[in-house]
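> Here it is, the structure, as structure tokens.
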């Protein structure tokens, strides 16, 4: 497994050339999209301005004659955008194949990377982290592998549900509401689990202190009050068995979760269900995607990608999942 | 009008007392339940002792005194008629004894490699982890109970119910120190 210090030299030796090779394609995509947007937007702006001018003179027919050439520009813009998006897909595929998979390979050559694969519905449901019914389920960048004795699977995931409302005129309005967006990880847990234990981000206790603890409820189980004050500030725990929750969340695991939270500073949901631990780490932006309008030859982007992939190793290492001294092999 | 006001106030007060009373009873039951959970794990650990002693004895016959002491403590713990405090005290001694057996095992590489011992060790680790979780649950429940009976207005009803403060489970100093096998039971 490559160390962060070695990543810089890997970037200089291997990745920089590959990224530079992709720059031509990126610029082509950027040019097409930019020109397409300009060809669509400018005639519309000019057309609206003209309409405002001619409508004051009550000469709509004249306006229609004047704007007809602009329609040609708009159609040309749409065609250009279409080809731009097609090229973008090609750029994305090559970026994932040449750059993302290379970063995965250098971290651990045994890991499998599927650019279009994602965590399955069944894994998502098994985690029981988000009970809200979803209408849209999307994901990509699936990584699976084994770190020492622990197998894991991780991918980017975005689940949403459709919210339908009606305004005062009875007009139907639809909007997509995100249930979860970010990295979804699951790994084999090193202890036998009989019931379900959930760790959720805690906002009420962080804001209101001990009083906030009284406001914590969940339909997933009873609140488990743990001894680590720092952990309690960041997370709340619910379980159907108080003792098993403590069997899972040992003082060392609580410390580890605080460390992971401090390292990534993301909202984290965890569940310990069946024989696995599930971790959902929220991110607002799309991950592992190439940038179009800024240069792709940037070490920072590769480093960010590396840090995301290392979430897998960090969780397994911090939670000590490779330690198999209990009855589960 | 005044009478209605008084009746409502008294009604609210009675309801309030019932809620506090029920809450205290629930907390007392939770303490008993948590102690029961801990007791189950202690029993599991006692059940492992004969197996552990038998396995280790085959290789480490020099540690005879240690085995005898642990076996004796186990019999005492299983005899019943022990109060909660006595159980905790014996548990502390057994914990120290088990630790010293594990330390003694370090001197017998053949024993460490034996499959029987490896399986026993894993089961023991499992039981110790479960026991530790049960102790932590017990402490959390006791803290909740103590807070409920010592803070106003719970303390008024608790006084009438004659509820006493309970001690949380603390690790004895002997457990915090490094194990000295020779002087352990002196």
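Residue numbers (my numbering), protein chains in the order written: chain A, 575 to 903; chain B, 6 to 191. Even for Gly, the Cβ is constructed at its ideal location relative to N, Cα and C.
1) Determine the direct distance from the alpha carbon of residue 697/A to that of residue 902/A, and round the result to whole angstroms.
2) Interface residues of chain B around residue 772/A at Cβ under 9 angstroms?
3) What residues match up with residue 855/A in a beta bridge as DSSP calls it?
4) Under 7 angstroms Cβ to Cβ from residue 673/A, same chain only, skipping five residues before and after it: list those, please.
5) Determine, for residue 100/B, whether the minimum Cβ-Cβ distance to residues of chain A falls below 7 angstroms.
6) Step through the CB atoms of chain B and report whether any lies within less than 7 angstroms of the CB of residue 901/A.
7) For residue 864/A, which three-state DSSP category applies?
8) Would you list, in chain order, the members of the stretch 126 to 154 of chain B that have their beta-carbon closer than 7 angstroms to a beta-carbon of chain A?
9) So the candidates are 605/A, 755/A, 706/A; which of them puts its Cα closest to the Cα of residue 659/A?
10) Need the endpoints of the beta strand (DSSP E) that residue 734/A sits in, please.
11) For the pair the stretch 87 to 102 of chain B and the stretch 6 to 13 of chain B, tell me if three or more CB-CB distances fall below 8 angstroms.
12) To which residues of the same chain is residue 187/B closer than 8 angstroms at the C-beta, ignoring the five residues directly before and after it?
13) What's the gap between the Cα of residue 794/A and the Cα of residue 159/B?
14) Cβ of residue 724/A less than 7 angstroms from any chain B Cβ?
15) Which residues of chain A have a Cβ atom closer than 8 angstroms to the Cβ of residue 4/B, listed in chain order?
16) Against residue 820/A, what residues of chain B qualify as contacts under a CB-to-CB distance less than 7 angstroms, listed in chain order?
17) Is residue 138/B near residue 820/A, with beta carbons less than 7 angstroms apart?
18) Against chain A, does residue 183/B count as a neighbour if the rule is that its beta carbon must be under 7 angstroms from one of theirs?
19) What is the DSSP secondary structure of residue 703/A, counted as helix, strand or coil?
20) Between the C-alpha atoms of residue 753/A and residue 846/A, what's the straight-line distance to the nearest angstrom?
21) In the DSSP assignment, find the unbroken beta strand (DSSP E) run with residue 130/B in it and report its ends.
22) Please determine, among 81/B, 150/B, 171/B, the residue with the shortest C-alpha to C-alpha distance to residue 26/B.
23) Which of helix, strand or coil does DSSP assign to residue 51/B?
24) So which residues on chain B does residue 801/A lean against when the C-beta distance must stay under 9 angstroms?
25) My assumption, with CB atoms under 8 angstroms, is that residue 570/A sits in contact with residue 870/A. Please give the rounded CB distance.
26) Could you tell me the boundaries of the beta strand (DSSP E) in which residue 771/A lies?
27) Tell me which residues share the same chain as residue 764/A and place their Cβ nearer than 7 angstroms to its Cβ, disregarding the 5 neighbours each side in the sequence.
28) For residue 655/A, which residues from the same chain have a beta carbon less than 6 angstroms from its beta carbon, with the 5 sequence-adjacent residues on both sides left out?
29) From the DSSP secondary-structure annotation, give me the bridge partner or partners of residue 796/A.
30) When the distance is taken between beta carbons, is residue 122/B closer than 7 angstroms to residue 129/B?
31) Can you tell which of 9/B, 36/B, 19/B has the C-alpha that lies nearest to the C-alpha of residue 172/B?
32) From residue 775/A to residue 810/A, what distance separates their C-alpha atoms?
33) Measuring straight from C-alpha to C-alpha, what distance separates residue 575/A and residue 670/A?
34) Within the continuous beta strand (DSSP E) that includes residue 712/A, where are the two ends?
Let me lay it out:
1) Along the first chain, read from residue 1 onward, the residue named residue 902/A stands at position 328. Along the first chain, read from residue 1 onward, the residue named residue 697/A stands at position 123. Rounded to the nearest angstrom, the two C-alpha atoms are 21 angstroms apart.
2) Your numbering for residue 772/A matches position 198 in the first chain. Going along chain B, no residue has its Cβ under 9 angstroms from residue 772/A, so there is no contact; the nearest lies around 17 angstroms.
3) In the first chain, residue 855/A corresponds to position 281, counting from 1. Paired residues: 757/A, 842/A.
4) Your numbering for residue 673/A matches position 99 in the first chain. Same-chain partners within the cutoff: 589, 592, 593.
5) The residue labelled residue 100/B in the question sits at position 95 within the second chain. So, not an interface residue.
6) The sequence position of residue 901/A within the first chain is 327, counting from 1. Yes, because at least one Cβ of chain B sits closer than 7 angstroms to the Cβ of residue 901/A.
7) Locating residue 864/A in the first chain gives position 290, where the first residue counts as 1. Looking at residue 864/A - three-state DSSP - the assignment turns out to be coil, as it is neither helix nor strand.
8) 127, 128, 130, 131, 134, 135, 138, 139, 141, 142, 145
9) Along the first chain, read from residue 1 onward, the residue named residue 659/A stands at position 85. The shortest C-alpha separation from residue 659/A is found at 605/A.
10) Walking along the first chain from the start, residue 734/A turns up at place 160. Run containing residue 734/A: 724 to 740, per the beta strand (DSSP E) assignment.
11) no
12) Your numbering for residue 187/B matches position 182 in the second chain. Its pLDDT being 43, under 50, residue 187/B is placed unreliably by the model, and the measurement read from it follows with that caveat. Same-chain partners within the cutoff: there are none.
13) If you number the first chain from 1, residue 794/A lands on position 220. If you number the second chain from 1, residue 159/B lands on position 154. Rounded to the nearest angstrom, the two C-alpha atoms are 29 angstroms apart.
14) On the first chain, residue 724/A is found 150 positions in, with the first residue counted as 1. With 7 angstroms as the cut-off, residue 724/A does not count as an interface residue toward chain B.
15) It is not possible to answer for residue 4/B, since the shown part of chain B is limited to 6 through 191.
16) Counting from 1 along the first chain, the entry for residue 820/A is found at position 246. Those are 138, 141, 142, listed as they occur along chain B.
17) Counted from its first residue, the second chain places residue 138/B at position 133. Counted from its first residue, the first chain places residue 820/A at position 246. Contact flag set, yes.
18) Here residue 183/B refers to the residue found at position 178 of the second chain. For residue 183/B, the pLDDT reaches just 45, beneath the cut-off of 50, and the residue's location in the model is therefore unreliable, although a value from the coordinates is still provided. No, its Cβ sits nowhere closer than 7 angstroms to a Cβ of chain A.
19) One-based indexing of the first chain puts residue 703/A at position 129. Coil, per DSSP.
20) As a working note, residue 753/A is residue 179 in the first chain. As a working note, residue 846/A is residue 272 in the first chain. Answer to the nearest angstrom: the Cα atoms are 20 angstroms apart.
21) Taking the second chain and counting its residues from 1, the one referred to as residue 130/B is at position 125. Unbroken run through residue 130/B is the alpha helix (DSSP H), 120 to 155; no beta strand (DSSP E).
22) Within the second chain, numbered from 1, the residue matching residue 26/B stands at position 21. Among 81/B, 150/B, 171/B, the Cα nearest to that of residue 26/B belongs to 150/B.
23) Translated into positions along the second chain, residue 51/B becomes position 46. Residue 51/B: helix per DSSP, three-state reduction.
24) Within the first chain, the letter at position 227 stands for residue 801/A. Under the 9 angstroms cutoff, chain B gives 141, 144, 145.
25) Residue 570/A is absent from the model: chain A starts at 575 and stops at 903.
26) On the first chain, residue 771/A is found 197 positions in, with the first residue counted as 1. Residue 771/A -> beta strand (DSSP E) spans 771 to 775.
27) Here residue 764/A refers to the residue found at position 190 when the first chain is read from its first residue. These residues qualify, in order along the chain: 895, 897, 898, 900, 902.
28) Here residue 655/A refers to the residue found at position 81 when the first chain is read from its first residue. 610, listed in sequence order.
29) Your numbering for residue 796/A matches position 222 in the first chain. 813/A.
30) Position 124 of the second chain holds residue 129/B. Position 117 of the second chain holds residue 122/B. Not in contact: residue 129/B and residue 122/B (Cβ atoms no closer than 7 angstroms).
31) Counted from its first residue, the second chain places residue 172/B at position 167. Nearest C-alpha to residue 172/B: 36/B.
32) Position 201 of the first chain, counted from the start, is the residue given in the question as residue 775/A. Position 236 of the first chain, counted from the start, is the residue given in the question as residue 810/A. So the alpha carbons of these two residues sit roughly 6 angstroms apart.
33) Walking along the first chain from the start, residue 575/A turns up at place 1. Walking along the first chain from the start, residue 670/A turns up at place 96. The alpha-carbon atoms of residue 575/A and residue 670/A are separated by roughly 20 angstroms.
34) Stepping through the first chain from its first residue, residue 712/A is reached at position 138. 710 to 721 is the span of the beta strand (DSSP E), which, as asked, contains residue 712/A.
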